[in-house]
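So the structure is just underneath, and the comments pick up after that.
In full-length UniProt numbering, the protein residues as written are 1 to 302.
Here is the structure:
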């Protein structure tokens with residue numbers, strides 16, 4: 001599949017073999033600012049597990065091609081789990097909210113549990129018809145270590161995993177950075193970068209301030225990609241897919257160039273030209289150095 005048709009052999013194009021399979025647990029993918037742009041590329045096949053059913057009324061999602069959403073279901077180990085429905089739906093979780101005494105009274109109210117009810121969980125490795133997952137997205141409101149431990153086979157050839165990790169937990173049993181990193185290192189992934197940092201301000205919230213500051217880091221999304229050893233042994237088609245994910249979803253041009261160079265150095269150079277990092281070279285052009293166009297330091301004295 002090509003995302004666009006090249007008009008000449010010197011232009012860059014993404015030549016993808018099949019769609020990029022996206023699996024999202026928690027419904028963060030449809031919340032991305034570039035979600036519509038990504039889906040319009042017609043290159044992603046997306047499956048979203050929406051445990052709190054926060055997207056069930058979004059009509060714009062129902063008409064999308066290659067997009068499936070399953071409300072009131074979460075990834076896990078296949079057993080039933082308890083959904084804690086909070087006052088604000090965005091805070092609902094299959095993990096029990098903690099008493100966050102460091103939050104304001106208004107902030108704590110958002111985590112107030114209004115109801116508890118069972119929902120189903122499904123193990124990644126038990127999903128039929130899912131040969132592999134190219135890009136996995138996990139939020140921080142479910143047991144991510146359990147999800148990963150029951151998805152080793154499905155994730156064996158995955159290309160990118162984004163996990164939301166708290167530094168100051170808001171729920172009981174949230175997976176921390178050490179636990180997630182341990183699984184990643186055992187399964188051929190390396191940490192690449194942090195994304196979307198979430199910060200907390202200790203300033204008063206009465207609205208009387210002339211300026212604002214928020215310094216305490218509460219959490220962040222962590223992006224993991226295959227280790228260099230895995231990349232060196234990957235097929236060109238999968239390297240292209242990984243490059244496409246990092247380009248389209250994250251705009252990480254430098255790592256895309258490096259990955260494309262594993263496939264074809266000429267392709268990588270054309271990518272840099274396409275992204276405006278260097279100008280195309282026309283070997284047929286001739287340049288004559290004359291006095292009028294000589295560098296100033298020569299001052300015409302040759």
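Each residue gets a CB set at the ideal place from its N, CA and C atoms; glycine is no exception.
Query, Result
"Spatial distance of residue 154 from residue 129 (CA atoms)", "11 Å"
"Beta-carbon proximity of residue 199 to residue 216, cut-off 9 Å", "yes"
"Distance CB(residue 163)-CB(residue 224) smaller than 9 Å", "yes"
"Cβ pair residue 86, residue 71 closer than 9 Å", "no"
"Buried versus exposed call for residue 117 [16 or more other C-beta atoms within 10 Å across all chains shown]", "exposed"
"Close-in-space but distant-in-sequence residues of the same chain around residue 267 (CB under 6 Å, 5 per side omitted)", "260"
"As assigned by DSSP and simplified to three states, the class of residue 167", "coil"
"Inter-residue CB distance, residue 146 and residue 171 (contact presumed, cutoff 8 Å)", "Not quite, the Cβ-Cβ distance comes to about 14 Å (not below 8 Å), so this is no contact."
"Local Cβ density within 10 Å of residue 10, reported as buried at 16 or more and exposed below that", "exposed"
"For residue 240, three-class secondary structure by DSSP", "helix"
"Length of the line joining the Cα atoms of residue 165 and residue 210", "32 Å"
"Under 9 Å between C-beta atoms of residue 143 and residue 95", "yes"
"Buried versus exposed call for residue 106 [16 or more other C-beta atoms within 10 Å across all chains shown]", "exposed"
"Rounded straight-line distance, which links the Cα of residue 188 to that of residue 181", "11 Å"
"Short Cβ contact (9 Å threshold) for residue 78 with residue 47", "no"
"C-alpha gap between residue 131 and residue 156, whole angstroms", "10 Å"
"Where residue 249 falls, given that 16 or more other Cβ within 10 Å makes a residue buried", "buried"
"Residue 155 - DSSP class collapsed to helix/strand/coil", "coil"
"Buried versus exposed, by CB contacts within 10 Å (16 or more), residue 194", "exposed"
"Rounded separation between residue 43 and residue 20 - CA only", "6 Å"
"Rounded distance between the beta-carbons of residue 233 and residue 104, thought under 8 Å", "Actually they do not touch by this definition, with Cβ atoms about 51 Å apart."
"Straight-line gap, residue 99 to residue 108 (C-alpha atoms, nearest Å)", "8 Å"
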